[in-house]
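Peer 1: Chains A and B are the protein sequences, given in the same order.
If you count the first sequence from 1, position 66 lands on 66 in the working numbering, and the numbers rise without skipping.
If you count the second sequence from 1, position 114 lands on 114 in the working numbering, and the numbers rise without skipping.
C-beta atoms are modelled at their ideal positions from N, C-alpha and C, and glycine is treated no differently.
This is the structure I want to talk about, given as C-alpha cells.
2 protein chains.
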Amino acid sequence: MTSVNQIDLLERVRQLEEENARLQVLLHIAQSLQEELELDKLLLKMMEEVAHILHADRCTVFLLDEEKNELWSIVAMGLKKGQQIRFPANKGIAGYVAQTGEVLNIPDAYKDPRFNPEIDKKTGYRTRCMLTMPLRNKMHDIIGVFQVLNKKDGPFTREDEELLDAISQIAATAIENAQLYEDQVKSFNSFIETLSTTLDARDYITAGHSRRVTLYTLALSDALGLDEDTREELRYAALLHDIGKLGIPESVLFKAGKLTDEEYALIKSHPQITREILNKIYFHKKLRNVPEIAATHHERVDGKGYPDGLKNGEIPFGGRMLCLADVFDALTSRRQYRDREPLEKVWQLIEKDSGTAFDPKCVEAFKMIPAGRIIEIMEQDRAQDLIEEEIEKLYAVPLEKILEWKTNGASNLSPEDRELLELFDKYYERRY
Amino acid sequence: MTSVNQIDLLERVRQLEEENARLQVLLHIAQSLQEELELDKLLLKMMEEVAHILHADRCTVFLLDEEKNELWSIVAMGLKKGQQIRFPANKGIAGYVAQTGEVLNIPDAYKDPRFNPEIDKKTGYRTRCMLTMPLRNKMHDIIGVFQVLNKKDGPFTREDEELLDAISQIAATAIENAQLYEDQVKSFNSFIETLSTTLDARDYITAGHSRRVTLYTLALSDALGLDEDTREELRYAALLHDIGKLGIPESVLFKAGKLTDEEYALIKSHPQITREILNKIYFHKKLRNVPEIAATHHERVDGKGYPDGLKNGEIPFGGRMLCLADVFDALTSRRQYRDREPLEKVWQLIEKDSGTAFDPKCVEAFKMIPAGRIIEIMEQDRAQDLIEEEIEKLYAVPLEKILEWKTNGASNLSPEDRELLELFDKYYERRY
C-alpha cells in the first residue's frame, strides 16, 4: 500500500513540476511581450522567444492585413527597422491555417502537398517539421498565424501544440495593443504631415518648404550623430515651425510688393505665434521641447534674431539646426522667375553668417551630409525621375567635397571626381 | 525510511501546489491586465483583481504625477468615467512609500503615526490592516503605489507581500503601456482641437464655430442615442469639417462685399477640399468615415446641396447631423453689428427646411436636447459667467418646451414655466 502511494506521489510531483515549468514559461513570455509596445520590435522578440521555448530553429509570426487580404511578416535583417514580406492570405501552409483556423502539425513538410518549397529554394533553408497555428484575439477572430520550424529534437508533440496555443493567446493581445498604439502614432504623424504640407501649399513660394526643412534637419542630425528621441523632437519641430503663419493675414504674408514696417513686424511675429499654438498641444515628455525649438528658428547666435533676440546657448540647439536648414532651403529653392542660385554662392552666404546667424557646429556638420542625400531632398518633388544608381554614387561624397571641387575648379579633378561633380550639377541645375 | 521519504514527498507536493497556484494567479493577472489599454479602465480592473487575489476588502493604485509632485488615484463612482483624487506626493502612508520605496505592512493602521485618519473620518470607512508597496517600472523608478486594505482573515503575511511584489511588476508595465497610449491619444486630440480653434480664429465671424458645431453634434448624437464609437467619429468630423477652407484664399473667404460667381464657386469647393485633406490622414478603422461625414456637411437631403448634390441616404447620417448643427450655429451666432436672431425665427427657418435641407429625424431629435445644454454651448465663450444652478434647471427642459412656450405666449404659462422661459431668454439674449 505504502509503495503504491509513493509511486502515486512521485507521479504527482512529476506532473506538478511539469505544470510548474509550463506556467513559468507562460508567465515569462507574458511579461516579456508586455514590455514591448512597438509592433516591429514586439514581433521580433516574439519570434525569438517562441523559437527558444519550443526548441525550434525558427519562428515566424504572420499577421493578417484584412484590407489587402494579405499575410505579412517582419524579417530581422540586422537592420534597425525590420523588412516586411507579404503574400496573399490564402497561400501556403500559413495561408491555409489563416483561412481554416486549423492547427497543422506537419512532421515532414516536403511530404505535404500544401507546402510551398519556393522560399526554401530561394533562401537555401531546408524546412523539415513545422507547427502552424492561428492567432486569435479576444473576439476569436483570426488576426494572424504562428509558424514554428524545425524542432531540434524531432517533430513537434501534442504538448508543444498546447504550449503554443497558450502562448498565442498572450501574443494576440500583445499584438493588438501594439497595433492600437501604432495606429494612434500613425494618425498623429499623418495629421501633422498633411497639415504642414497643406499650409505650405497655400503659396507657391513655400510649397514643400516644411517638408524639405524637416529632411535637411534630420540629415543634419544624422551628421551630428544625435539620438532617436532627439530626431523625433526635431522632426515635429521642423514640420510645424511655420504653423504660426496661420495667425498672419495672407494679404501680408503673400504680399508681392514691399512690406511696410507694420507688415514686416507682423511677419516677424510668426515664430511667437508658432510657440503659442504649439504650447496648446499636449506633447509627450520626450517631445517637450518641440514648441521652443520651433519658436526659435529665426533666432541668431549673435542675438540679432527674432522674436526674442536670444544668443548662443540661450537658443535650443535644435532651434539653431532649424535656422540653418530653413535658410539653406530658402537659398536653394527655385522661384517662379529664377533658377536655383549656384551652390558656391549659397554656401558663401552661409559661411559668411557662420558664428553670427548660424552655430558654426551646425555649418560644419551640414557639410558632412552626403551630396546624394542633399539632392534627394532638394529634388523630392521629382523623386520619381532621380536615377537611383547615380544618387547612390553621390551618397559616397559629402557636400564638403562638392564645395571643394567647385572652389578648386573642375580642371584639376580626376576623371572620377569630375564625373561625380557633373552628376551633382545635373541634378542641382535640374538638367534632367 | 519509507515514511520519512513519504513525508518529504508530501511536503514537496504541497510546495509545488502552492507555487502552482501562485503562478496561475500571476499568469491570470498578467493576461487580464494586458487586455486593457485604456488607463482608467485598467486601474479599476487592477484594483478589483488585486483586492480579490489578496482576500482584501479594498485596493487602491496611486500613480505618481511627477510634474505636479502629486499622487493620484481613480475612484469608481458608478460613473462611466472614474473620478480622480489627488494629494501631495509625500502625504500619508502612500506618500511615505512613494518617497522611500519601502514596503509597509501595517497590522493596525490606527497605531501607526504615519497613518492619516482623515479619509476614514470623511468616508465612514474603518481601516484596520494595510499593505503598501511601491510600483516600479523596468528602470526601477517608482511610478506609483499599491495600497491594499483590510485583509478578510487577519493581517497581511510575508507571502502576501511576495505575491503583491510580483503583481506590481506586471502592473507597472501595464500602466506604462496605457500611459503611452493615452499620451498618444491626448496628443492627437489636442492637436486637432488646437488647429480647429486656430483656423476658426482667423476671422471673427467664425471664431469658436467648429467647437460649437462639435458640441451641438455631440448633443444631437446623445439625443439620438448613438454609441460611443459613432460619437468619436462625429467629434473628429465636426472639429475638422471646415479644414478645407485652408485651400481658399482669405481674400475670397473673408471678403466683406458681394461675391462674384467665381468666388462663390470657390467657397463652395471647401467641403471637397476638406475631403481631400482628410483622405490623406490615416484614421483608425473605427474612424474611417470621418472624411466623408466632414465632406458632406453642405449636402441637402433634396439633392440641392454641394459639392456633390447627394440625396437622402446617399449622405452619411453624420453628414446630415453636421449640416443641421452647422446651420443652427450660424443662425444663433452673434455678429459684429447684430444680436442673436430670436429663437422662434431661427427655428421657423429650420423647420421650413426640414425634409429639404435637413433630415427630419435630426430636426426632431435636436428639439430633445436639454435647453441648458444648448445655452452652455451657445455661450461657451462666457462659460465662467453662467450660474450653475440656473443652467441645471434648464437641463430639465428640452428645447422643444422652450419653443412651445414661446409659440403659446408667456401669459398662459404656470409661474414655474414662466421663470424657466425667462431664465432661458436671459442667457439667449445675453442679458447677464
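Kindly say whether Gly78 of chain A, judged by its beta-carbon, lies nearer than 8 Å to any beta-carbon of chain B.
Peer 2: At Gly78 of chain A, the pLDDT of 48 sits below 50, so the modelled position is not reliable and the matter cannot be decided from this model.
Peer 1: Can you round the beta-carbon distance between Cys129 of chain B and Phe156 of chain B to whole angstroms, since I take them to be within the 8 Å contact cut?
Peer 2: The pair is a contact, with the Cβ atoms about 6 Å apart (cut-off 8 Å).
Peer 1: Is Ser190 of chain B closer than 8 Å to Tyr282 of chain A when the C-beta atoms are compared?
Peer 2: Cβ atoms of Tyr282 of chain A and Ser190 of chain B: closer than 8 Å.
Peer 1: Drop a sphere of 10 angstroms on the beta-carbon of Glu66 of chain A, count the other beta-carbons inside from all chains shown, and report buried for 16 or more, exposed for fewer.
Peer 2: Burial call: exposed.
Peer 1: Between the Cα of Ala171 of chain B and those of B:Thr214, B:Ala371, B:Leu63, spot the shortest distance and give me the residue it belongs to.
Peer 2: Residue B:Leu63 is the option with its Cα nearest to Ala171 of chain B.
Peer 1: According to a CB-to-CB cut-off of less than 9 Å, which residues of the region 103-119 of chain A neighbour chain B?
Peer 2: The residues in question: there are none.
Peer 1: Give the range of the alpha helix (DSSP H) segment to which Ser73 of chain B is assigned.
Peer 2: Element bounds for Ser73 of chain B: not the alpha helix (DSSP H) but the beta strand (DSSP E), 70-75.
Peer 1: Mind checking Ala265 of chain A: buried by the 16 CB within 10 Å criterion, or exposed?
Peer 2: Exposed is the call here.
Peer 1: Would Val103 of chain A and Glu17 of chain A qualify as a contact pair, given that the criterion is a beta-carbon distance under 8 Å?
Peer 2: Taking 8 Å as the Cβ cut-off, Val103 of chain A and Glu17 of chain A do not qualify as a contacting pair.
Peer 1: Between the C-alpha atoms of Ser414 of chain A and Trp405 of chain A, what's the straight-line distance to the nearest angstrom?
Peer 2: Computed Cα separation, rounded: 10 Å.
Peer 1: Determine the direct distance from the alpha carbon of Glu389 of chain A to that of Glu416 of chain A, and round the result to whole angstroms.
Peer 2: Going from the Cα of Glu416 of chain A to the Cα of Glu389 of chain A covers about 15 Å.
Peer 1: Within 8 Å of any Cβ in chain B, is that where the Cβ of Val50 of chain A sits?
Peer 2: Not an interface residue.
Peer 1: According to DSSP, is Thr100 of chain B part of a helix, a strand, or is it coil?
Peer 2: Correct three-state label for Thr100 of chain B: helix.
Peer 1: Output the boundary residues of the alpha helix (DSSP H) element that contains Arg58 of chain A.
Peer 2: Not the alpha helix (DSSP H): Arg58 of chain A falls in the beta strand (DSSP E), residues 56-65.
Peer 1: Quick one, which of A:Tyr395, A:Arg382, A:Met139, A:Ile375 has its alpha-carbon nearest Tyr428 of chain A's?
Peer 2: If we check each option's Cα against that of Tyr428 of chain A, A:Ile375 comes out closest.
Peer 1: Hey, how far is the Cα of Leu79 of chain B from the Cα of Leu218 of chain B?
Peer 2: Legend: pLDDT at Leu79 of chain B = 42, less than 50; position of this residue unreliable, value from coordinates given subsequently. So the two alpha carbons sit approximately 19 Å from each other.
Peer 1: Alpha carbon to alpha carbon, what distance is there between Thr197 of chain B and Ala325 of chain A?
Peer 2: Roughly 30 Å separates the two Cα atoms.
Peer 1: Would Gln184 of chain B be called buried (16 or more neighbouring beta carbons within 10 Å of its own) or exposed?
Peer 2: So Gln184 of chain B counts as buried.
Peer 1: Considering Leu131 of chain A, what are the terminal residues of the beta strand (DSSP E) in which it resides?
Peer 2: That run of the beta strand (DSSP E) goes 130-136.
Peer 1: Following the continuous beta strand (DSSP E) through Val145 of chain B, name the residue where it begins and the one where it ends.
Peer 2: That run of the beta strand (DSSP E) goes 142-151.
Peer 1: Tell me the rounded alpha-carbon separation between Arg158 of chain A and Leu23 of chain A.
Peer 2: Roughly 17 Å between the two C-alpha positions.
Peer 1: Going by Cα to Cα distance, which pick from B:Asp242, B:Gln179, B:Phe188 is closest to Thr214 of chain B?
Peer 2: Considering only alpha carbons, the answer is B:Asp242.
Peer 1: Closer than 7 Å by beta-carbon distance: list the chain A residues that pair up with Arg12 of chain B, in chain order.
Peer 2: Correct list: Val13.
Peer 1: Chain B beta carbons: is any one of them nearer than 8 Å to that of Glu416 of chain A?
Peer 2: It does not: the Cβ of Glu416 of chain A has no partner Cβ on chain B nearer than 8 Å.
Peer 1: Helix, strand or coil: how does DSSP classify Asp112 of chain B here?
Peer 2: DSSP places Asp112 of chain B in coil when its eight states are reduced to three.
Peer 1: Can you tell me which of A:Gly409, A:Gly372, A:Arg335, A:Thr407 puts its alpha carbon nearest to the alpha carbon of Glu392 of chain A?
Peer 2: The shortest Cα separation from Glu392 of chain A among A:Gly409, A:Gly372, A:Arg335, A:Thr407 belongs to A:Gly372.
Peer 1: Residue range of the beta strand (DSSP E) that Pro291 of chain B falls in?
Peer 2: Premise fails: Pro291 of chain B lies in the alpha helix (DSSP H), 290-295, not in any beta strand (DSSP E).
Peer 1: Here's a check: name, in chain order, each residue in its chain whose Cβ is nearer than 6 Å to the Cβ of Gly69 of chain B, leaving out the five neighbours to either side.
Peer 2: Per the sequence shown, the amino acid found at residue 69 of chain B is Asn instead of Gly. Correct list, in chain order: Ala89.
Peer 1: Quick check: Leu240 of chain A and Thr274 of chain A, are their CB atoms within less than 8 Å of each other?
Peer 2: Cβ atoms of Leu240 of chain A and Thr274 of chain A: closer than 8 Å.
Peer 1: Distance check for Arg340 of chain A and Lys361 of chain B, CA to CA, integer angstroms please.
Peer 2: Distance between the alpha carbons of Lys361 of chain B and Arg340 of chain A: 59 Å.
Peer 1: Helix, strand or coil for Asp381 of chain B, going by three-state DSSP, please let me know.
Peer 2: Of the three classes helix, strand and coil, the one that applies to Asp381 of chain B here is helix, per DSSP.
Peer 1: Please report how far the alpha carbon of Asp153 of chain A lies from the alpha carbon of Ala237 of chain A, in whole angstroms.
Peer 2: Their backbone Cα atoms lie some 54 Å apart in a straight line.
Peer 1: Quick one: grab the DSSP three-state call for Arg202 of chain B.
Peer 2: In this structure, Arg202 of chain B counts as coil in the three-state DSSP scheme.
Peer 1: Counting only beta-carbon atoms, is Phe358 of chain A nearer than 8 Å to chain B?
Peer 2: Judged by the 8 Å Cβ criterion, Phe358 of chain A is not in contact with chain B.
Peer 1: Can you list the residues of chain A that Glu428 of chain B reaches, using a CB-CB cut of under 9 Å?
Peer 2: Looking at the sequence provided, one finds Tyr at residue 428 of chain B rather than Glu. Ordered by position in chain A, no residue passes the 9 Å Cβ test against Tyr428 of chain B, which lies about 30 Å from the chain.
Peer 1: Grab the span of the beta strand (DSSP E) containing Ile85 of chain A for me, first residue to last.
Peer 2: Here the beta strand (DSSP E) through Ile85 of chain A covers 83-88.
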